[in-house]
Structures are given as structure tokens and as C-alpha cells.
Amino acid sequence: MKKISLFLVVLLFNSVLFAQKTQKPVLHGKHWMAITGKPLAATAGAMTFQKGGNAVDAACAMLAATATMWDVLSWGGETQALIYNPHTKKVIAINALGVAPTGATAEFFKEKGMKYPPQFGALAAVTPGTPGGLLTMLAEYGTMSLKEVLAPAMQLASGYPIEAQTADAMENGKDKIKEWPYSKKVFLPHLGEEREAPEAGEIFVQKDLLATLTKIVEAEQEALKKKKSRKEAIYAAYDRFYKGDIAKEIVRGAREQGGLFTEADLANWKVKIEEPMMTNYRGIEVYKLQQWTQGPVLLQTLNILENFDLKSMGYNTTRYIHTLYQAMNLAFADRDFYYGDPAFAPEEPMAGLMSKEYAKERMKLINPDKNDPNIGPGDPYPFEGKKNPYLDILKDWGKSHTSLNTPRTKVPVLDQQYLEDFTAGTTSVEAADAEGWVVSITPSGGWVPAVIAGNTGVGMSQRMQSFVTDPKENPFNVVEPGKRPRVTLTPSMALKDGKPFLSFAKQAGDEQDQNLLQFFLNVVEFGMNVQESAEAAMFKTYQMYSSFGDHERKDGSLVLNSETPYWTRRDLSKMGYHLSYQDRTSGPINAIFFDWKHGSFWGGSSNHGEDYGIGW
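Note that the numbering used here has the sequence shown beginning at 9, numbered continuously upward.
And the structure:
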């Protein structure tokens, strides 16, 4: 009888792991794969592939389309990308995050009575990054003209049937939108009526944005007529946006509405092509962007988890959830203190933070039986042969946060506004082709409600809020002109045996690397395919300082899937966690798996949101 029971347990366990039913089918493709956060944008990627474009061309077309379709980003936001170049067999990092404008200092915001730069309005904006990122990627690694790549987005700007999610975001945000004249003109076409925003399915027209996109295409076409190369012509479009008449109108419109932008701020800003950061997890190279994002969090966490036998714990068991939670807790505490723009002093101790030895030291702090809400940043400096200059600050770090933020409560309250702030903005773009190009993008910024900069149709970023003003919180991320804020945006890529293995990304602010970590482990440790992993039940923690709003922290907070069994709930409660539940906790995650055995792509697109993929 015992043998039969054991057999049934094993059978049930295996069926959960390897025969998981999904709400969406896994995508298969031989020639290309295009996945993003909007169905129409995925179609734009497919159209670009069908015209002969490569994965970079298609990714740029999808990026342009999603920026045109609002709610989670606009053309004035920021773009972060990882690109695998099959010719060099290297992963390239694209840093197209805007910077704080002239006059944006800690003293400026403090004088206005602000703990942090604001969440909304013209003062929340860093310089536009998405146009520069798109144009740079297309010029350097694409094959098509800007005119061809922007054609779908320009068609959308001329009028498309708006989806309910975006239309409702405009209606729900209309009180703020009415404060900004150019936003009101675009987002509220039915002023004075009961519903002032467009209805779902209504043809949404953006004349000013279409004019702006037309201007940058005209700049490219004029350069081509002058016998400039494809690359030179695209950079002529770049210059018109950042140095020409478009830039002048962005600055005028921003300053009219209280912003700080100058023409020099836009003209001096540059896209950076960088080396990504990487760690090796059980023979798999995992790539993330540098510490101006939260990307290294995932790498640090993997370094810690490599010291545990996760597979033997079992998928989403009490022990597994607790171990991942505590490992993330350690890495996020380091994020909250040590990450910032590497172009500015002081220099972040990334060599120490990324050290495998440092990870082993940090893992010793994990209590196997209890959550520790008091974990703070570690000391990585000795692991790169240096002395930590911030030991005095670290000693009182938790106390300083408590005094600067809302006092911690014993039982965290997850109110709706806090949840919205924690998961604000963002989408993802994934593309791959038969030649070997792979692209992973996490664009964001300028989500509804957004300030539109003059008569450009370009929504301004809200990313300034991710800065701090007090170096006691994070001496590396204090706001100053020309500096990039430490953002949550974090595309991901992994190579195995020198070839692309996974390309994956998700939206939702501080959640991103939490769920991306679990997605990766679902594939690597538990053998799930990309669609199974994208839909699988995950958990979320708010035991780190939010990168948005009031930068709050909810100690011990743990969000579980509603189907979590009662014994897991019981045991986690006993370990000091404050539990809440959601029906879907998986994403939205978009991903591509590379099946080298069969020479094909496997695409995954979460069932949580509007994310959509097309393969061929």
C-alpha cells in the first residue's frame, strides 16, 4: 500500500511539473518570432519580418507601435535592450535611458517640500530616450529604412481602434490629464461628456504625433537624397529629434508646463552601447544590463541560489518559496543602497556585489525557519580589495528609511495605490530570426496619465521619481543634472554552450526581476517550456523599497497564487510572512526559447495582460 501511495505522489508531482496545461498555446516558429505587450504591435513586428527585415528591424517596429499605443509607455519614455549579434556572438547592451535635466538637484526638490521627485507632471520627466534608442538600434544593427520600420506606427497614429485597457486608463486619469493642455487635447476628445476619453474600439487619432514621426522620416529621406548612407540618414533623423525643430517644441512645451528641460539637455544626451553584466548559473550565461537598472539583482540572486539544491525542494513548496524570498531579500537590499548611474561618482562596488564569494557570505544570513525583515545591504567592498566608505550610513540604514518614509507597520497594508505604484508602466519586446539576431527590450515611461510636450504628441517620462534626494538612502542614486536614475527596467538573455538559450522580459516595476527569476528557474530547474513557465504560479514580495511614489516597503509581505495549498499557506504564516493572494501571479512575461536540437523557436506569452506573440 505504501508503494502505491508513493507512486501516486510521484505521478502527481510529475504531472504538475511536466504536463501543465496552459491557457495559451506555446508558439512555434522556424524563421522568426515576434512577441510584445500589444497584439497590434506584434502584428507590426510580423509585417516587418514579412518585408524581409531582421529581428532588430522587427523589434524597432514593435517598439514604435507600443510607444504609439500608450497606457504603459510613449515616445518620450525610455528604452533598454539586450541584443545578441550572431556575427560577433556577443550580447550587446543598449542604454537609452534619459537623464535628469538642468536644475534637477536634490536641493531643488527639497525646497519644494518633496522627499522625492514627483510621480506625475513635467517635473517627473527625464529627457526622452526611446526615439534615440530605436534609431540607434536600427542604424547600427538593422537592415531596413526608418520609413519602412515606422510605417506601422504611423498608420496607428493616423487612427486605430483603441483597446479598452488604454481607453479606460485615460478616463480614470482624466482629473490629472486636465491639468496639462496638450494631454487634454489628445486623451480627452469628448470633453464635457459623461465619458471624456475615447470608448473601446473608437478610432483614436494622434495628429501631432503623426506630424512628429513624419518629420523624422522626412529627415531620413532628405539625407538619402543627398547620397548619405542608410546609417547616416537614420542619424539625420536622430539629430532632427534631439537638436532640431522637434527638440525646440519639446523644450518649449515642457517648460510651459513647469518642466526643466533645456535644448542643451536634449542635444547633449547620447545613447550608450555598453557591455552587459553576466553571471554563470550551472553552465548557463545569464545577461542583464548594468547597475543603472535593477538587472544585477537577478544575477546576484542566482549566485546565492546556486548554493542550494532547488530542484530537490520541489516547485513552489514552502522551503522553495522561503529560500527564493530570502535570497531576493538580500539582493534587493543591495540594490536599494548600491545601484546607480555608473557614469557618476561614487563608483558602485559591482565587482564585489557580483562575486560568487560574496554570494556565499550573504547566504549565511538566511534563516531556514523564519523570514528576516531586518536584512540590510551587505559589505561587498572587501570582495574587491577595498574598504567600505559607507559603514556609518549602513549601520543606521533601516532607521533612516523609517524616518524618511511612512513608518513600518506590523501587518503591511497593500492598498490599491501602492500596488499600482509598485507595478507602474512598462511592456516588453522579444524578437528572434533565423540568421541568429535576438532582441530583448523593456521600454517604459510616459504612461497614462502623461504630460505631452507641446504640439509634438510626445508623452514625457515619469522616471525622475526613481531618484532619491538623501544620500543616506542611496549615495549612488541621488538626483543631479545629466544623471540617469536607477530604474526597474530589466530585459534578460541567456546563452548556453555559446548559443542563445532564452530571451525573456516582463513589465511591472519592482516585480520584474522577481518573476523573471522564477521564470528562469522554472525552465532550468523544473523543465517547463516557455509557455508553461510564463503562466506558472509565482509569488511576489514587497520587502524592498519601492522605486516609485513614496518609496515604501512592506516587511514580510508575500503575495501567493490563489491556488496555493493550505499547508503551504499555514507554514509560511508561521515563518513570519503576511500573506495575500491573487488569481494570476505570473507576469506578464514574454520569452523565446531556442531549440537547437530541432532548429526552431519556442515562444511564450503570459496569460496575464494583453501580451501577444506571432511566429513563423
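Heads up, the beta-carbon is just placed ideally off N, CA and C, and yes, glycines get one too.
Worksheet item: Leaving out the 5 sequence neighbours to the left and right, which residues in its chain are closer than 8 Å to Y634 when beta-carbon positions are compared?
Response: With the chain covering 9 to 624 only, the question about residue 634 has no answer from this structure.
Worksheet item: Taking the alpha-carbon positions, what's the Y550 to P136 distance?
Response: Indexing the sequence shown from 1 puts residue 550 at position 542. Indexing the sequence shown from 1 puts residue 136 at position 128. Approximately 29 Å, taken between the alpha carbons.
Worksheet item: With a Cβ-Cβ cutoff of 8 Å, do T434 and V279 count as a contact?
Response: By 1-based counting over the sequence shown, the position of residue 434 is 426. By 1-based counting over the sequence shown, the position of residue 279 is 271. Not in contact: T434 and V279 (Cβ atoms no closer than 8 Å).
Worksheet entry | Three-state secondary structure (DSSP) of P3 | Outside the shown range of the chain (9 to 624) lies residue 3, about which nothing can therefore be said.
Discussion item. Tell me which residues share the same chain as Y389 and place their Cβ nearer than 7 Å to its Cβ, disregarding the 5 neighbours each side in the sequence.
Written reply: Along the sequence shown, read from residue 1 onward, the residue named residue 389 stands at position 381. The answer, listed in chain order, is P357, G360, K395 and N396.
Worksheet item: Is Q334 helix, strand or coil when you go by DSSP?
Response: As a working mapping, residue 334 is identified with position 326 in the sequence shown. Helix at Q334.
Fill in: Residues of its chain near R561, where Cβ-Cβ distance is below 6 Å and the 5 sequence neighbours each way are ignored
The residue you call residue 561 lines up with position 553 of the sequence shown. Correct list, in chain order: Y553.
Worksheet entry | Nearest neighbour of P139, chosen from G490, V466, Y589 and Y346 [CA to CA] | Here residue 139 corresponds to residue number 131 of the sequence shown, with the count starting at 1. Nearest C-alpha to P139: V466.
Worksheet entry | Close beta carbons around L313, own chain, < 6 Å, minus the five adjacent residues each side | Position 305 of the sequence shown, counted from the first residue, corresponds to residue 313. Closer than 6 Å at the Cβ level, and outside the excluded window around L313, lie A335.
Discussion item. Would F527 and A516 be called neighbours here (beta carbons separated by less than 8 Å)?
Written reply: Start at 1 with the first residue of the sequence shown, and residue 527 comes out as number 519. Start at 1 with the first residue of the sequence shown, and residue 516 comes out as number 508. Not closer than 8 Å, so no.
Worksheet entry | V538, enclosing alpha helix (DSSP H) - first and last residue | In the sequence shown, residue 538 corresponds to position 530, counting from 1. Element bounds for V538: V538 to E543.
Worksheet item: What number of angstroms, rounded off, separates the C-alpha of T113 from the C-alpha of V487?
Response: The residue you call residue 113 lines up with position 105 of the sequence shown. The residue you call residue 487 lines up with position 479 of the sequence shown. Going from the Cα of T113 to the Cα of V487 covers about 6 Å.
Worksheet entry | Stretch pair the region 484–501 + the region 291–300: three plus CB contacts closer than 8 Å | yes
Worksheet item: Is M321 helix, strand or coil by DSSP?
Response: In the sequence shown, the residue the question calls residue 321 occupies position 313. Note: M321 maps to helix in three-state DSSP.
Worksheet item: Per DSSP, what kind of secondary structure is M583 in: helix, strand or coil?
Response: For the purposes of this step, residue 583 is taken as residue 575 along the sequence shown, with counting starting at 1. The answer is coil: DSSP assigns M583 none of H, G, I, E or B.
Worksheet entry | Burial state of Y589 (16 or more Cβ within 10 Å) | Your numbering for residue 589 matches position 581 in the sequence shown. Per the 10 Å Cβ criterion, exposed.
Worksheet item: Where does A101 fall in DSSP's three states?
Response: Here residue 101 refers to the residue found at position 93 of the sequence shown. Three-state result, A101: strand.
Practice prompt. Enumerate in chain order the residues of its own chain whose CB-to-CB distance from G617 is below 6 Å, with the five nearest sequence positions on each side excluded.
Written response: Against the sequence shown, residue 617 aligns to sequence position 609. Excluding sequence neighbours, G617 sits near P596.
Practice prompt. Return the chain-ordered list of same chain residues with a C-beta closer than 6 Å to the C-beta of A161, the five sequence neighbours on each side being excluded.
Written response: Your numbering for residue 161 matches position 153 in the sequence shown. Only A72, A73 and T76 meet the Cβ criterion.
Worksheet item: DSSP on T434, reduced to helix/strand/coil?
Response: Within the sequence shown, the letter at position 426 stands for residue 434. T434 falls in the coil class under three-state DSSP.
Worksheet item: What residue range is occupied by the uninterrupted alpha helix (DSSP H) comprising S166?
Response: Here residue 166 corresponds to residue number 158 of the sequence shown, with the count starting at 1. S166 -> alpha helix (DSSP H) spans L154 to S166.
Worksheet item: Does DSSP classify G141 as helix, strand or coil?
Response: In the sequence shown, residue 141 corresponds to position 133, counting from 1. If DSSP states are grouped into helix, strand and coil, G141 belongs with the helices.
Discussion item. What ranges does the alpha helix (DSSP H) occupy inside the region 577–624, keeping only unbroken runs of at least 4 residues that lie completely in it?
Written reply: none
Discussion item. Between D344 and the ligand NAP, is there a pair consisting of the residue's CB and a ligand heavy atom that are separated by less than 7 Å?
Written reply: In terms of ligand content, the structure shown is empty, and the ligand NAP therefore cannot be addressed.
Worksheet item: With which residues is L508 paired in a DSSP beta bridge?
Response: Here residue 508 refers to the residue found at position 500 of the sequence shown. According to the sequence as given, residue 508 is Pro; it is not Leu. Answer is L503.
Practice prompt. Would you mind working out which of S153, A147 and L306 sits nearest E293, comparing C-alpha positions?
Written response: Within the sequence shown, numbered from 1, the residue matching residue 293 stands at position 285. For the residues S153, A147 and L306, the minimum Cα distance to E293 belongs to L306.
Worksheet item: Does the beta-carbon distance from G37 to W624 come in below 8 Å?
Response: As a first step, residue 37 is located in the sequence shown; it is residue number 29 there, counting from the start. As a first step, residue 624 is located in the sequence shown; it is residue number 616 there, counting from the start. Contact flag set, yes.
Worksheet item: Alpha carbon to alpha carbon, how far is L142 from E571?
Response: To locate residue 142, count along the sequence shown from 1; it is residue 134. To locate residue 571, count along the sequence shown from 1; it is residue 563. Distance between the alpha carbons of L142 and E571 is about 41 Å.
Practice prompt. Identify whether N482 lies in helix, strand or coil by the three-state DSSP scheme.
Written response: For the purposes of this step, residue 482 is taken as the residue at position 474 of the sequence shown. The answer is coil: DSSP assigns N482 none of H, G, I, E or B.
Worksheet entry | Y246, DSSP secondary structure in three states | Position 238 of the sequence shown, counting from 1, holds the residue named residue 246. Helix at Y246.
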